[in-house]
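Novice: If you count the sequence shown from 1, you need to add 832 to reach our numbering. Note that the Cβ used here is the ideal one computed from N, Cα and C, for glycine as well. Please see the structure below; I have some questions.
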Amino acid sequence: MKRSGPFGIIAGVLALALAALGAFAWVHARFTDTPAACAVPAAAPDKPRGPAAGGLKVVEQGFTNLNSGASFGAIVENTSTSVAYRTRVTFGFSNNGKPIEDIPSPLNTQEIPILRPGQRIGVGDTRVLAAPHSATAVEVRLGETTWLTPDEAGRGVLPVTTTDVRTEHPNADYSGYLKISYTTASPTCRPLAWRGVATVLRNQSGTIVGGVLDGSANGCATGPHVTSPGRLLPAADDTRTEVYPYCDLQRPAEDIANQLAN
833 MKRSGPFGII AGVLALALAA LGAFAWVHAR FTDTPAACAV PAAAPDKPRG PAAGGLKVVE
893 QGFTNLNSGA SFGAIVENTS TSVAYRTRVT FGFSNNGKPI EDIPSPLNTQ EIPILRPGQR
953 IGVGDTRVLA APHSATAVEV RLGETTWLTP DEAGRGVLPV TTTDVRTEHP NADYSGYLKI
1013 SYTTASPTCR PLAWRGVATV LRNQSGTIVG GVLDGSANGC ATGPHVTSPG RLLPAADDTR
1073 TEVYPYCDLQ RPAEDIANQL AN
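Next comes the structure, spelled out in structure tokens:
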């Protein structure tokens, strides 16, 4: 048997030491690497607001008359290549072309926080009207928005998706009161500011028959959530309920923040 000399022993020890050091360095790097930068700004840039018309359009809408007023819902799509930020939306009911007076409400003006190119989102409300059972049409008006490039809005801001939507009727005497459970998944790399959840209701044929905007719990966070709108809603197909979380870069400072739960 050939015996190793002292230099061979030293070389072997050094090789083992270097191997151990390399393994330690790999483990240290594996668990202490600085994560990739989150491509989501803390706030949107301060830019002039402009008309939403031309870049956004209402692709579906519908309503139902109720005992105290009417409920409506709509789907808005961004057909542009820019991001529509904080788009103001107003609604109006009419009877054969004559406007019907709304009872004043903070929800008479709503705000869609972020709508990326090609994205669709629901809007809706259930209104108390001065003349119930009289609406023959509803108009969804897209007001001003701030147009941002995808980089300005943050390419890391991605739509929150919803699954497992379940509609229940907790009050046997008033089936229009709903409890809606849903699960969200947010792929965005930081928490987004919660601005509420829009619910759109459809009948068995898929036609929109109503909707509502509710504060609810923080549906921008990944996980299960429940929204229980505090208004009686029209009869609909429970299997077709749609929910749309409203998520923002940050909470707004102006009065529009009061339209939803703070």
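Report the option in L1024, P880, P991 and R1083 whose CA atom is closest to the CA atom of V1075.
Specialist: Here residue 1075 is taken as the residue at index 243 of the sequence shown, counted from 1. With distances taken between CA atoms, V1075 lies nearest to P991 out of L1024, P880, P991 and R1083.
Novice: Evaluate the contact criterion for the stretch 959-969 versus the stretch 998-1011: three or more CB pairs, one atom per stretch, below 8 Å.
Specialist: no
Novice: State the Cα-Cα distance for the pair A1025 and E943, rounded to the nearest angstrom.
Specialist: If you number the sequence shown from 1, residue 1025 lands on position 193. If you number the sequence shown from 1, residue 943 lands on position 111. Roughly 13 Å between the two C-alpha positions.
Novice: Please confirm whether A820 and G950 have their CB atoms less than 8 Å apart.
Specialist: Residue numbering for the chain in the displayed model covers 833 to 1094; residue 820 lies beyond these limits and cannot be assessed.
Novice: Which full runs of the alpha helix (DSSP H) of 4+ residues lie inside the stretch 906-991, going along the chain?
Specialist: The stretch 906-991 contains these whole alpha helix (DSSP H) runs: 982-985.
Novice: Alpha carbon to alpha carbon, how far is A869 from A855? Give it in angstroms, no decimals.
Specialist: Along the sequence shown, one-based indexing puts residue 855 at 23. Along the sequence shown, one-based indexing puts residue 869 at 37. Note on A855: pLDDT 47, under 50, position unreliable in the model; no value is reported.
Novice: Nearest to R1072 by alpha carbon, out of V997, G1055, A1030 and G905?
Specialist: Residue mapping note: residue 1072 aligns to position 240 of the sequence shown, counting from 1. Sorting V997, G1055, A1030 and G905 by C-alpha distance to the C-alpha of R1072 places V997 at the top.
Novice: Please report the distance separating the alpha-carbon of L1033 from that of L974.
Specialist: Position 201 of the sequence shown, counted from the first residue, corresponds to residue 1033. Position 142 of the sequence shown, counted from the first residue, corresponds to residue 974. Those two C-alpha atoms are separated by around 21 Å.
Novice: Between which two residues does the beta strand (DSSP E) harbouring C1052 extend?
Specialist: The sequence position of residue 1052 within the sequence shown is 220, counting from 1. Taken as a continuous stretch (DSSP letters only), C1052 belongs to no beta strand (DSSP E), as it is neither H nor E.
Novice: In the DSSP assignment, the beta strand (DSSP E) including Y1014 goes from what residue to what residue?
Specialist: The sequence position of residue 1014 within the sequence shown is 182, counting from 1. Residues K1011 to A1017.
Novice: Between the C-alpha atoms of V1044 and A871, what's the straight-line distance to the nearest angstrom?
Specialist: Looking up residue 1044 in the sequence shown gives position 212. Looking up residue 871 in the sequence shown gives position 39. Distance between the alpha carbons of V1044 and A871 is about 32 Å.
Novice: Apart from the five residues on each side of it in sequence, which residues of its chain come closer than 8 Å, Cβ to Cβ, to S1048?
Specialist: Position 216 of the sequence shown, counted from the start, is the residue given in the question as residue 1048. The residues are G1028, V1029, H1057, V1058, T1059, S1060 and A1093.
Novice: Between R918 and P877, which are expected to be in contact by the criterion C-beta below 8 Å, what is the C-beta distance as a whole number of angstroms?
Specialist: Position 86 of the sequence shown holds residue 918. Position 45 of the sequence shown holds residue 877. With a Cβ gap of about 12 Å, R918 and P877 do not count as contacting.
Novice: According to DSSP, is R1072 helix, strand or coil?
Specialist: Walking along the sequence shown from the start, residue 1072 turns up at place 240. DSSP places R1072 within a helical segment (H, G or I) once states are collapsed to three.
Novice: Please identify the residue among P873, R1063, N927 and K889 whose C-alpha is closest to the C-alpha of T977.
Specialist: Stepping through the sequence shown from its first residue, residue 977 is reached at position 145. Per the Cα distances, K889.
Novice: Do we get a CB-CB distance below 8 Å when we pair D1005 with the residues of chain B?
Specialist: Of the chains in the structure shown, none is chain B; there is only one protein chain.
Novice: Got a sec, what are the start and stop residues for the beta strand (DSSP E) Q1082 sits in?
Specialist: Start at 1 with the first residue of the sequence shown, and residue 1082 comes out as number 250. Element bounds for Q1082: n/a, residue is neither H nor E.
Novice: From what residue to what residue does the beta strand (DSSP E) around K879 run?
Specialist: As a position in the sequence shown, residue 879 is number 47, starting the count at 1. Counting along the chain, no beta strand (DSSP E) covers K879, and no H or E run does either.
Novice: Please classify D1046 as buried or exposed, where buried requires at least 16 other C-beta atoms within 10 Å of its C-beta.
Specialist: Within the sequence shown, residue 1046 is the residue found at index 214, counting from 1. Classification of D1046: buried, given that the 10 Å Cβ count is 16 or more.
Novice: Let me confirm a value: G929 is counted as buried when at least 16 other C-beta atoms fall within 10 Å, else exposed. Which label applies?
Specialist: As a working mapping, residue 929 is identified with position 97 in the sequence shown. With fewer than 16 other Cβ atoms from the protein chains shown falling within 10 Å of its own Cβ, G929 counts as exposed.
Novice: Could you check the C-alpha separation between N897 and F904 for me, to the nearest Å?
Specialist: The residue you call residue 897 lines up with position 65 of the sequence shown. The residue you call residue 904 lines up with position 72 of the sequence shown. About 9 Å.
Novice: Restricting to Cα atoms, I'd like to know which of A906, G901 and I1040 is closest to P936.
Specialist: To locate residue 936, count along the sequence shown from 1; it is residue 104. Taking only the C-alpha atoms, the option nearest P936 is G901.
Novice: Between T922 and I907, what straight-line distance do the alpha-carbon atoms span, to the nearest angstrom?
Specialist: In the sequence shown, the residue the question calls residue 922 occupies position 90. In the sequence shown, the residue the question calls residue 907 occupies position 75. Approximately 13 Å, taken between the alpha carbons.
Novice: To the nearest angstrom, report how far apart A849 and T1054 are at their CA atoms.
Specialist: Numbered from 1 along the sequence shown, position 17 holds the residue referred to as residue 849. Numbered from 1 along the sequence shown, position 222 holds the residue referred to as residue 1054. At A849 the pLDDT is 45, less than 50, meaning the model places this residue with poor confidence and gives no usable figure here.
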